[in-house]
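Report on the structure given below.
2 protein chains.
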Amino acid sequence: MAAKTAITPTRAQDYPEWYQQVIAEAGMAENSSVRGCMVIKPWGYALWENMQRVLDRMFKDTGHQNAYFPLFIPMSYLEKEAKHVEGFAKECAVVTHHRLEPDGEGGLRPAGPLEEPLIVRPTSETIIGATYAKWVRSYRDLPILINQWANVVRWEMRTRLFLRTAEFLWQEGHTVHATADEAMAETRQMLDVYATFAEEYMAMPVVKGEKTPGERFPGAVMTLSIEAMMQDGKALQAGTSHFLGQNFSRAQEIKFQDQNGEVAYAWTTSWGVSTRLIGALIMTHSDDDGLVLPPKLAPTHAVILPIYRDESQRAEVLAYCEALKADLKKQMYDDGAVRVDIDDRDLRGGEKKWYHVKRGVPLRIEVGPKDIANNSVFVGRRDTNESQGIGRDDLVAKIVGLLDEIQTNLFNRALALRTSRTQEIANEAEFRKYFAGNPGFAICWFSSEEEVQPLLDELKVTIRCMPIESAGGEGVCFLTGKPTSQRAIFAKAY
Amino acid sequence: MAAKTAITPTRAQDYPEWYQQVIAEAGMAENSSVRGCMVIKPWGYALWENMQRVLDRMFKDTGHQNAYFPLFIPMSYLEKEAKHVEGFAKECAVVTHHRLEPDGEGGLRPAGPLEEPLIVRPTSETIIGATYAKWVRSYRDLPILINQWANVVRWEMRTRLFLRTAEFLWQEGHTVHATADEAMAETRQMLDVYATFAEEYMAMPVVKGEKTPGERFPGAVMTLSIEAMMQDGKALQAGTSHFLGQNFSRAQEIKFQDQNGEVAYAWTTSWGVSTRLIGALIMTHSDDDGLVLPPKLAPTHAVILPIYRDESQRAEVLAYCEALKADLKKQMYDDGAVRVDIDDRDLRGGEKKWYHVKRGVPLRIEVGPKDIANNSVFVGRRDTNESQGIGRDDLVAKIVGLLDEIQTNLFNRALALRTSRTQEIANEAEFRKYFAGNPGFAICWFSSEEEVQPLLDELKVTIRCMPIESAGGEGVCFLTGKPTSQRAIFAKAY
C-alpha cells in the first residue's frame, strides 16, 4: 500500500474533494435529500458527543447552567435590532402555516396561515433576550450565565458537510451582566475556554483575536474569535465570543435596578461553537489515508483486531483479546477509562485494518496466534502510520503514555505547519505575490478595513482577526504606508 | 407553616393549577412568547440532562448508537404513508420561504418561496427511512440500531408545560431488521427499557401494554406503551415503542438482499420518550409544598444550609459546611458521587429552606454553631417532610442509604396510590358510576374498541392499553356481555 492511498484524490491533488472523501470513507456524515441539511452518522456523532461532553464540563466549571429556548422566533423580534436582522434576513427559514390539507389533486398543500410568520432560529439573541427581559428586575438577578445546546438554521446557498450547512448543531451561551467590565471579562473568558478546548482537546493551534468591524457578529460591539489554519493554508474561524454591549438589551428591554436604585440597561454577551469544529478537526489532522483523530476526542482509543486462520484458533485468540481489552480498559486516560473495542467481524484482515485507518482510530492492536505465543502484540499508530511489535504487558503499561504522545504529536505537527506558513508581509507587492502562490497566514499592519477591502476582494482574501497576543506597537500600513497601530492576520478562508 | 402550604392552590383544590404553580415555584419552565413553545429553565433542564444520561446509557448498553437527521421533512415524504400523514397533517409547522425582505412599510415579509414546502419534523420515520433506504443493500447491513436526541414540533391547539407543547425535546429510536421476529423483539426490548427507567429512576410505577388499533401510532402495526397513574387518578402515557412492520419500508423502499439472494422489504421499529416525562415525574411525586424529586434523577441530592447570626460565626460555619460537603461527595450513589451544594446566599433562613423544598431537593442539611458544637446536623427529608438531628459522621456514613430509602419510598407510595385506585369493573352501570366519581384505572374485559367507543366519548374516558402482564384468559365484555379475550385499562387521561 506504499504508493496507493486509501483516499482518492489526495490532499495535493484536490483538497476540497479529499475532504468530502475522508468524511464519506470514515462514515461521519452525508448530504440528506433536504437541501443543505446533513445526516450526521454514528461515527461523526460520537465525535460530537465527546466534544459536547468536554465543552459542557468547561462551561459548568465556569459557572454556566444549561437551559432550552424555543426553536421559533417571531418575525417582529428580529426587526428590533437593525444590524442583526440585516445580517440574518437573507438566510432565514420561515414558517408561515401550521397544518397541511388535501390540495384536491391527491397531494397536500400548506394551510392554517400564521398571524405572524415564525423564523427558525439562526441564533437566539432575540428570543432569549425577550425571556431575560422578564427575568431581570434587580442587580440581584445578575449575572445570568446560561448556555443552550441546540440546532439552528441558516439558509446558506453553498453548503459543505460540517463547514457550512443549512442546519447545524451548536451551543450558544447567552449571559447578562450589571457592568460592561463584567460582560467584557465574560467575553474574554469564553474565548479562552474555546482556545483551550481547541488546543488541548482538538490538538488544533488557534490564534485568539478581535474581528474588524466589518467582520463582527451582526449587532455586536466587539467580536472575538479563534482562527485555525487548515492543511491547505486556509483559515477557519472555529469559535466566536461576542460582547454585545447594550445593543440587545436596549432592543429587548433588558433593564435592572442597580444598587443605587437607578434603572439601567444590562450588558450582554453571546458565544458559540458548532459542528463546524468537526470539519476543522478533519482538515487539521487527516491525511491521504483518511481521518486522524486526536485521542482525547476519539470515540475509540484502540481497536483490537483478532487474526486467526480457522475456527480452531478462534476461541484462543478471542479469549486473549478479551483479556487484553479488560486490562487496557482499567487504564485511565483524560476523563475516563481507555476506550477499547474488539473488531471480530468476518472481514479480510486488510479490509478490516483499512476500515479503522480511514476512521482515524489512534491505535490498532493486531493479535494472532504467533503473537500470543510470544505474549506480544503488533501496534499501529494512526498519527505516524508506523507499526511495531510490543510486549503485551508493556502495551498495557504504556498505552496512556502512547495516547498522550499521539495527542502531543498531532498538536506539534499542526503548529509546525502553521508556523511554516505564517509570514509577515510589509507591502502590497509582497502581499500580491504571497496570495498568488500557496499562501497561509499573512501578518500585516493595516490602517483601515475600508482602505484594504478592495484589494482583499480582488484577491479573495479576508481579514481573519487582530491577534490579541501581538496587540500594541506601531507600524506602517502594508497598502497605504500610513502609520498605524493595527495589525491583523490576512488569509484565504473557509 | 403547618396549615399553610408552599403551593397555592393545593392538589385537592385545583390539580391542574397546582401543577402549573409547582413548575413556576421550582423554576423548571415557563411559557414563551411563541405560542405553545416553552422555555425550559435551568432546574428543569438539569433534570432532563439526568434523564438523558441514564436513558442514553441504557440505549447504548442495548447496542444502539446515536446519530442526527435533518430537522426538515419534504412535504412529499409525509404523503408516502397514508395513515402517517393523516395522523400528523393537522399539526405541522410548514416552512414555505427561505428569506425575509423589506415589506415597504418598515417591516419584513417572507420571500424566496421554496419549490417544495418543508415540514418541521413532528417525528422522523419518513426522513430517517429515506436515509436508511440508501444504507441498506444486504442482510449484512442489518440490523441498524440508531437513536437520535432532537427537538420536534407538533402544532397542538391546547398546550400545557411539559405535557403537551408545540415544540418538545425527545429521543426517537429508529431500527431496521431482517425479520419480523427480530423487529418485534426490539419493540418489546425498548418498552422494557422504558419501564425500567420509569420504575427504577423516576420511581414511577407503570403498566406495560399494547395499544388498541384506534390508539396506535399513525402507520404502526402495533404500538406498545407504558402508562402511569398521576395523583389525580388520571393516566399518562409515558413512552411508546412501535412495531412498524413493513409499512414504512414499503413507503420508503427500504429493501435488502437476504442470505438466499432474494430481495425483501425490511422490518422497522421506532420508539420514543420526551420531556413529557418531566410532567409525569412532577405529577407522580410532588406535594402541596412543591416539587419532590427521586434522588436518582435529582440535580442536587443534598443542599447544605449554613446558619449563622453574624459575621463572627460565618467563617467557622462555612468551613464546617465545606468539610462536610467534601466528605459527602466522596460517597458514591447510583452512577456517580453524591451531588451536594452549599447555599450561602444572603437570604432569611425560612426563605432559603422553602426555596429548596419547592425545588424538591431530597435532603436539606442545616448547620449552625450549636450543631457544630455537638458535631451533629439537622436533616430534612423532602419525601416525608420530616426533620431530625443526626451525628455529622453518621450522616456521611448513612447518606447513600438515606437516598436509597427515599427513592424506594417514593416508588412504594406511588404504587400504593395506583393499587388503591385500580379496580376491576364488570358492567356498564359500575363503569358509569366509577367514572362519575373520583376514578383511577378501571380494568375491564371488552369485546371491541368500536363497540365501546361511544360510551367512552360520552364519559371522556380512554382505553389506555391492554396490559401485557394480564394477557390471556377469557371474560365477558363489560358493555355488551359478549365473551372476549381482550382486557384493557380504561381511564381519564392527559
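Chains as they are written, first to last, in my numbering: chain A, 1 to 494; chain B, 495 to 988.
Glycine included, each C-beta is placed from N, C-alpha and C at the ideal position.
DSSP state of residue i mapped onto helix, strand, coil
i: Glu-115 of chain A; result: strand
i: Asp-686 of chain B; result: helix
i: Lys-498 of chain B; result: coil
i: Gln-515 of chain B; result: helix
i: Trp-649 of chain B; result: coil
i: Ser-979 of chain B; result: coil
i: Lys-702 of chain B; result: strand
i: Gln-388 of chain A; result: strand
i: Phe-490 of chain A; result: strand
i: Val-970 of chain B; result: strand
i: Met-696 of chain B; result: coil
i: Tyr-308 of chain A; result: coil
i: Asp-457 of chain A; result: helix
i: Met-777 of chain B; result: helix
Per-residue contacts from residue i into chain A (C-beta, under 8 Å)
i: Pro-637 of chain B; result: Result: empty, since nearest Cβ-Cβ is about 13 Å, beyond 8 Å.
i: Ile-801 of chain B; result: Chain A residues near Ile-801 of chain B: none, gap ~21 Å exceeds 8 Å.
i: Lys-574 of chain B; result: Near Lys-574 of chain B there are no residues of chain A at all, since even the closest Cβ is about 11 Å away, more than 8 Å.
i: Ile-640 of chain B; result: Pro-42
i: Leu-1001 of chain B; result: Not covered by the structure: residue 1001 of chain B. The range shown for chain B is 495 to 988.
i: Val-458 of chain B; result: In the structure as shown, chain B begins at 495 and stops at 988. Residue 458 of chain B is therefore absent and cannot be evaluated.
i: Glu-436 of chain B; result: Residue 436 of chain B is absent from the model: chain B starts at 495 and stops at 988.
Residue(s) in a DSSP beta bridge with residue i
i: Glu-424 of chain A; result: A:Ile-443
i: Asn-147 of chain A; result: A:Asn-66 and A:Gly-173
i: Lys-255 of chain A; result: A:Tyr-265
i: Arg-529 of chain B; result: Its beta-bridge partners do not exist; DSSP assigns none.
i: Gln-52 of chain A; result: According to DSSP, Gln-52 of chain A bridges with nothing at all.
i: His-242 of chain A; result: A:Thr-223 and A:Ser-270
i: Phe-72 of chain A; result: A:Val-120
i: His-98 of chain A; result: Answer is none; His-98 of chain A lacks a bridge partner.
Cross-chain neighbours of residue i in chain A, by beta carbon under 9 Å
i: Glu-810 of chain B; result: Chain A residues near Glu-810 of chain B: none, gap ~26 Å exceeds 9 Å.
Status (buried if at least 16 other CB within 10 Å, exposed otherwise) for residue i
i: Asp-675 of chain B; result: exposed
i: Met-332 of chain A; result: exposed
i: Asp-287 of chain A; result: buried
i: Gln-388 of chain A; result: exposed
i: Ala-195 of chain A; result: buried
i: Gln-642 of chain B; result: buried
i: Ala-496 of chain B; result: Unreliable positioning characterises Ala-496 of chain B in this predicted model, as indicated by a pLDDT of 48, which lies under 50. The coordinate reading is nonetheless provided below. Under this definition Ala-496 of chain B is an exposed residue.
i: Ser-225 of chain A; result: buried
i: Lys-510 of chain A; result: The requested residue 510 of chain A is not part of the displayed model; chain A covers only 1 to 494.
Whole-angstrom C-beta distance between residue j and residue i, which should lie under 8 Å
i: Lys-460 of chain A; j: Lys-492 of chain A; result: 6 Å
i: Gly-727 of chain B; j: Arg-505 of chain B; result: About 11 Å; that fails the 8 Å criterion.
i: Leu-785 of chain B; j: Val-548 of chain B; result: That pair is no contact at about 19 Å.
i: Gly-349 of chain A; j: Ile-390 of chain A; result: Contact doesn't hold; Cβ gap of about 19 Å is too wide.
i: Ser-618 of chain B; j: Glu-666 of chain B; result: 6 Å
i: Val-263 of chain A; j: Gly-245 of chain A; result: Contact doesn't hold; Cβ gap of about 17 Å is too wide.
i: Ile-919 of chain B; j: Arg-981 of chain B; result: Contact flag wrong, Cβ pair sits at about 11 Å.
i: Ala-820 of chain B; j: Ile-893 of chain B; result: Rounded, the Cβ-Cβ distance is 13 Å, inconsistent with contact.
i: Ile-146 of chain A; j: Ala-67 of chain A; result: 5 Å
i: Val-861 of chain B; j: Val-811 of chain B; result: 6 Å
i: Asn-260 of chain A; j: Asn-645 of chain B; result: Wrong, their Cβ atoms sit about 42 Å apart, outside the cutoff.
i: Phe-984 of chain B; j: Met-723 of chain B; result: Not quite, the Cβ-Cβ distance comes to about 12 Å (not below 8 Å), so this is no contact.
i: Met-75 of chain A; j: Ile-7 of chain A; result: In fact, because the Cβ distance is near 45 Å, the residues do not count as touching under 8 Å.
Chain-ordered neighbours of residue i on chain B, where CB pairs are closer than 7 Å
i: His-97 of chain A; result: Val-588 and Thr-590
i: Trp-155 of chain A; result: His-592 and Arg-593
i: Pro-117 of chain A; result: Pro-604
Residue i: contacting residues in chain B (beta-carbon distance under 9 Å)
i: Met-58 of chain A; result: What Met-58 of chain A touches in chain B: nothing, since even the nearest Cβ is about 16 Å away.
i: Pro-218 of chain A; result: Within chain B, no residue comes near Pro-218 of chain A; the closest Cβ sits about 13 Å away, beyond 9 Å.
i: Asn-151 of chain A; result: Tyr-562, Leu-565, Ala-644 and Asn-645
Contact set between residue i and chain B, taken where Cβ atoms lie within less than 8 Å
i: Gln-65 of chain A; result: Pro-536, Tyr-539 and Ala-540
i: Leu-108 of chain A; result: Met-569, Leu-572, Glu-573, Val-579 and Ala-583
i: Pro-70 of chain A; result: Ser-526, Val-528, Cys-531, Met-532, Val-533 and Glu-661
Counting only Cβ-Cβ distances shorter than 7 Å, please list the residues of the segment 131 to 142 of chain A near chain E, keeping chain order.
Given the protein chain composition of this structure (A and B), no chain E is represented.
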